[in-house]
Amino acid sequence: MTLTYDIQTAFSENATASASVTSSPSVWRKPIIRPSTRKQLFDYCFAALVIIFILSWFVPLMALLIKLESKGPVFFKQLRTGQGGHPFYCLKFRSMTLNSEADSQQARKGDNRITKLGAFLRQTSLDELPQFINVLRGEMSIVGPRPHMLHHTAEYSQAIPHFMDRLQILPGITGLAQISGYRGETKEVTAMENRVNADIHYINNRSAQMDLKIIALTVAQVIKKDCSVF
């Protein structure tokens, strides 16, 4: 069974689930959906295992390599929009040189801010590994809609009617949109609409089985690297 999401066949059903957009993304008028006890337990156990068996040695290695290539902190933290519109600091390994645009300008193809190590980390999504700490904090889930920068939330909530529906559940490290190819730079609103509709489809059809398949496909993408990410 193929899990990837076909935007053409599912668009019509997702359009009916659109919600009115408030003038400010910080105002949330739609009830949030609490994760089930089983999903919470899975998230915490999965994140704890990754931190113990992977991050415990991967962080010191990355700290050395990142520091050798460029000045600055090992981790990059950025305010993102979380469940219910509440902002939180999303963690990543730093993949860019220090600059004043990291919090406002999306990475582009050929972006000279990205370091050589950073390019590898971004294409393999290994820069996202620190977000398992966000999962333990209860700010994120393993699977869910990807969190966006605050100004992107403000922008897209005005352009896409059902954009804010994504905030009903916890944001995820990976999601249906990502394994379906909707990731990387978003130059046009239609590119974000594809992601949003995939996210809404996940929210309406989420299950433990779907989560496991998304995780498995994400691991496969990490192994082969994703050249659509800059």
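Quick note on the UniProt record's numbering: the sequence shown kicks off at 1 and runs consecutively.
Where is the CB? At the ideal position from N, CA and C, for every residue including glycine.
Contact annotation: L121 and S95 have beta-carbon atoms nearer than 8 Å. The beta-carbon separation of P145 and G175, rounded to 6 Å, stays under the 8 Å limit for a contact. Three or more beta-carbon pairs separated by less than 8 Å are not found between the stretch 195-212 and the stretch 50-70, which leaves the two stretches without contact. Scanning the stretch 127-206 for uninterrupted alpha helix (DSSP H) segments of 4 residues or longer gives 131-136, 150-159, 176-179 and 189-205, listed from N- to C-terminal end.
Of the residues D127, F93 and L126, the one whose Cα lies closest to the Cα of F75 is F93. Here T81 is near L150, since their CB atoms are less than 8 Å apart. Membership of L98 in any alpha helix (DSSP H) is not indicated, and neither H nor E is assigned to it by DSSP.
Taking the CA atoms as reference points, L126 sits about 15 Å from A216. Under a 10 Å Cβ-count criterion, K39 is classified as buried, with 16 or more other Cβ atoms of the shown protein chains found around its own Cβ. Annotation: L55 is outside any alpha helix (DSSP H) and is labelled neither H nor E by DSSP. Comparing alpha carbon positions, the residue from G138, K71 and N134 closest to R113 is K71. C-alpha of N205 to C-alpha of D211: approximately 10 Å in a straight line. A straight-line Cα-Cα distance of about 38 Å links P161 and K116. DSSP places T115 in the coil class of the three-state scheme, outside both helix and strand. With fewer than 16 other CB atoms across the displayed protein chains lying within 10 angstroms of its CB, R137 is exposed. Annotated three-state conformation of K224 is helix, per DSSP.
Rounded to the nearest angstrom, the Cβ distance from A47 to F132 is 4 Å, consistent with a contact under 8 Å. Check the Cα spacing between Q158 and each of S141, E193 and G172: the tightest is with E193.
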